[in-house]
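Have a look at the structure below before the remarks.
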Amino acid sequence: MAVEFCLLHTISAQVDGREVDLGHLRQRQVLAALLVDANRPVSVERLIDRLWGERPPQRAATTLYSYVSRLRRVLEPLGASISRHPHGYVCEVDPRSVDLHRFRDLVARARSAGDDTQAARLLTEALRLWPSDAPAEPDTPWFNALRDTLEGERLAAELDLNDLLLRQGRESELPAPLRLRAQAHPLDERIAAQLMLALHRQGRTPQALEVYRGITRLLDAELGLAPSPSLRQLHQDILVGAPLLIADSPGGLQGDTPPGPGSDEGTAASAVAAPEAARLPVPRQLPPPPPVFTGRGRAMAELDRLLEPPSAHGGTVPIAGIGGSGGIGKTCLALHWAHQRLDRFPEGQLYLNLRGFEPSGTPTTVASALRDLLDSLGAPEGSVPTGLNARAGLYRSLIQGRRILVILDNARDAEQVLPLLPGSPTCVVIVTSRHHLAGLVTTHGARLLTLGPLSSVDAASLLTRRLGRERVRKEPAAAAGLLQLCGGLPLAISIIAARAVVHPTFPLRALIRDLHGAGGALDTLDAGDDSADLRAVFASSYGALSEPARRLFPLLGLHAGPDIGLAAAAALAGAEPRQAGRALTELVRSHLVTAHRPDRYTMHDLLSAYAAELAAADPTSRSAFERLVDHYLHSAHAADRLLSPHGESIALTPALPGAAPVQPADHQAALAWFAAERAVLTSLVTQTRHTELHTKTWQLAAVLPTFLARRGLWDELTATQYAGLEAATALADRSYQARAHRELGNSCCETGRFDDAHTHLERALALYRELGDTVGQAHTHLNLGWLWERRGDQQKGLEHDLLALDRFEAADHETGRARALNAAGWDHAQLGKYEEAADFCREALALQRHLGDRRGEANTWDSLGYALQHLGDHRQAADCFLRSLRLNEELGHQYNQAETLEHLGDTHEAGGDTAAARAAWQRAADLLHAMGHHDTDLHRLRGKLQKPS
């Protein structure tokens, strides 16, 4: 006799395919309420709540008993029973006979299957249990919630199956029309990704891109969010025609596959979640190739030797060092060769300007260079190790075995380059420098190429290609005179040619007269070649500019960053962006400035030096620089308020007229602005300190910690705070001195320098006491609480957190009070006082939800989940951890995600679900590994994963 109980559509039972009369609807609902928890007791109170919600009949228990009695008589012949239990009723039944439990079992088996084919078969079988149209039962609150939950589980299983089929190139077998699913769930990024991939593979790429544009608009309009990194990466892959996964991929559903909206974990992911998550982005960072290139045939041939089989290089990474004076064409040669050989580097091209000869005299640090390389290779935010060796090791790990070209441009010396070299012979490295890189030959067998001036033939060819053969033919003597003045330097030839092209009727002999009259005393401007009069070339081109461009060019020499955006250039000039844009376009046409990205501009270091010396002679330069500082300061302040709306703010005086600060629209726009301007902002902190703008220095330092800490840029955070501390000391500003000490204490704590952290935090506390700043004292006690926890003394941590709570309450500081409540709750949990911990956390949560403090809420949900887990309420604990996880994913806090996933795994294990526990631990370990953490956290997780199942 085959018995089947159905809960996935109308509540029913069948014997050998024949319907069994279970009675009227309410009686059937009693059976369903028991079958959901088959073989487990359900209390009378809970059954009454499931059946009637908040409006039970007067004699609900008696009515329930009569329903149970009738059901017993119906079920007895079917081999099932309902028995009384001290805690309620139990429906004893074979779980395999209940379609809900069979569905869940098949899905769980699929997610732990050893290969995709088996997983797809199990998911297909699970989904067949659902009817094509499931009629809705009459409403009750509990049954409505159950129906929503089951629909979510069905959708999650369906999307898991889609992932498997797409991974195997079997999009024609997808179980449901994806477009209908996308219409029903317009904000689900996982469905959007699956639809995009399916459309792209069917040759309908325009429709795939329209799907991306549609969900991007909706996410922004409805939630104020940008698409997830995985969806943006898929969009980029489609745009560039990257090879997407089509062939079968071994292995089952991965533990880190982000589930769909019906699942408790995550909200959106790519269509081929597990492989796509593991696949690193393909960096394509090469600046544009030189528009005109001539000569250098021998050097091109030497560079081609880098492409010989690894055995020709002794199994080491092939490296070429291109040397020569400034303006000789080192970068042009590297970029021309790279663009000609792109097919040899299908897994990416990395480009980094090391700024070895900037007029400011501050080359890119090795730590910052490694950070930029790791960001380009897809290392998650907040993931980069602080130590140089660990950072270099992560870089080499991410690039290992990949066919990637690395161009390290404008290096100061071999010492700056050595930590940036990959270890894999599949990579190729090109380094350019004005200095001789003999150290690379000694340590890595690099090939050195030293460029000299272009030969007379090649120089003439370059000028002719720039000006046109007819114009050179008309004035051969003048053309020869121009070439003689340029001394074979490609930079000089390009600038002179640009000047001539902008004025096509201008006689070349007149250019020579201008050049002879443009000499002067700029002796510090030295290209390293006595035959080239670069200063005359620069002065002549500068003199031919329109008035707006002539005004802007010297001011660009005041800017210390690696590049400048349009908005900042407009602030520098005190002009409207449209006017500044026209001036920049003219400078680009004149080859005095390069547009290396949309609305981002850079200059050759020799031109930057020339501009800076012009600015030094201009009495209005100081006010222009102060306007630029105000632009960045007020823009950064606005962006910081979006990243940390409940954090400490500083009061700023109004921005100078013309500064025109940027106002990012939302959290994502603020992150993007900081990411684009980070190097400029950190340089500006140093620059304002050197120019004794002390107030601006500490204010700039004060608006950077939120972003720098979120990205794990502890070295930059430390450097900027020390600069801010020096400035505040010069001003005798004890309030910011205290704040800087606090930030330095946090940075030291996060990087394991606990003694230094303690010194800074105690100094901050003393200063706040002198000032009578109760809120500052409270924040510092919170920091000290975290420090003592990191040092392993939880009791001292609790003492400081309770002191923080007292001071926040005294100051009526609600945000701080909520965070202190959470900290105290966590401390109590660590000390084994779980009931007290839960009370503290619930109070914190109520306050944080009222305030809209999502960052604080994320932390507190994790603390509450930890307490509830140890109180034995595993279901509620898991729900808390999932809430924390979702918030941390939205906020981009990678380490907090890993911590919460570990706690979630512990809860699953305690509840007996070892498969779910292992999946959560694996996701946590993967996150920590990607972040470069190889400490006790990762070791502990690996120990859990090695436990026998």
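Last residue of the sequence shown: 1306 (the working numbering), numbering continuous.
All residues carry an ideal CB built from backbone N, CA and C; glycine is no exception.
For clarity, every value in this text was computed on a predicted model and none was experimentally measured.
Nonlocal neighbours in the same chain, by C-beta distance under 7 Å from residue i, ignoring five residues either side
i	result
residue 358	372, 373
residue 1056	990, 1007, 1009
residue 1001	1063
residue 1212	1248
residue 647	689, 692, 693
residue 395	448, 450, 452, 455, 458
residue 566	595
Residues of its chain near residue i, where Cβ-Cβ distance is below 6 Å and the 5 sequence neighbours each way are ignored
i	result
residue 497	410
residue 1258	1277, 1280, 1281
residue 862	none
residue 848	684
residue 881	Confidence in residue 881 is poor, its pLDDT being 35 and thus under 50, which makes the residue's placement unreliable; the coordinate value appears in the next sentence. The answer is none, since no qualifying residue turns up.
residue 877	For residue 877, the predicted model reports a pLDDT of 39, less than 50, meaning its position is unreliable and no value from the coordinates is stated.
residue 1301	1278
residue 678	788, 794, 797, 803, 805
residue 1201	1175, 1178, 1179, 1217
residue 801	676
residue 913	968
residue 543	575
residue 363	369, 456
Under 9 Å between C-beta atoms of residue i and residue j
i	j	result
residue 664	residue 709	no
residue 1074	residue 1111	no
residue 445	residue 399	yes
residue 653	residue 690	yes
residue 1307	residue 1078	Examination of residue 1307 is not possible in this model, given that the chain is present from 358 through 1306 alone.
residue 796	residue 770	yes
residue 761	residue 788	no
residue 1088	residue 1051	yes
residue 380	residue 424	yes
residue 851	residue 902	no
residue 998	residue 1250	no
residue 555	residue 531	yes
residue 1266	residue 1254	no
residue 682	residue 822	no
residue 774	residue 755	no
residue 405	residue 382	no
residue 829	residue 817	yes
residue 993	residue 1034	yes
residue 510	residue 538	no
residue 1208	residue 1171	yes
residue 302	residue 641	In the structure as shown, the chain starts at 358 and stops at 1306, and residue 302 therefore has no counterpart that could be examined.
residue 1224	residue 1192	yes
Residue i - partner residues in DSSP beta bridges
i	result
residue 446	399, 441
residue 951	959
residue 921	958
residue 710	766
residue 371	361, 376
residue 455	362
residue 641	706
Whole-number beta carbon distance between residue j and residue i, since they are thought to touch under 8 Å
i	j	result
residue 809	residue 781	With 8 Å as the limit, residue 809 and residue 781 do not qualify as a contact, their Cβ atoms being about 33 Å apart.
residue 323	residue 1188	Beyond the ends of the chain as shown, which are 358 and 1306, falls residue 323; an answer cannot be given.
residue 952	residue 909	Wrong, their Cβ atoms sit about 14 Å apart, outside the cutoff.
residue 1118	residue 1097	The Cβ separation is near 12 Å, so there is no contact.
residue 1099	residue 1121	4 Å
residue 1151	residue 1184	6 Å
residue 1203	residue 1222	Actually they do not touch by this definition, with Cβ atoms about 16 Å apart.
residue 995	residue 1018	6 Å
Other residues of its chain near residue i: CB distance less than 8 Å, five sequence neighbours each side excluded
i	result
residue 604	Only weak support exists for where residue 604 lies, its pLDDT of 35 falling under 50; the coordinates are left without a value.
residue 375	none
residue 384	424, 427, 428
Worksheet item: Taking only runs of the beta strand (DSSP E) that begin and end inside the stretch 745-806, which ones reach a length of at least 3 residues, in chain order?
Response: You should have 762-768, 785-790.
Going residue by residue through the stretch 664-704, where are the continuous alpha helix (DSSP H) segments of at least 4 residues, counting only ones entirely within it? Taking only runs of at least 4 residues, the alpha helix (DSSP H) segments lying wholly in the stretch 664-704 are 687-697.
- Task: Counting only runs of 3+ residues fully inside the stretch 1192-1221, write out the beta strand (DSSP E) ranges in chain order.
- Result: Listed in chain order, nothing qualifies, since the stretch 1192-1221 has no complete beta strand (DSSP E) run of 3 or more residues.
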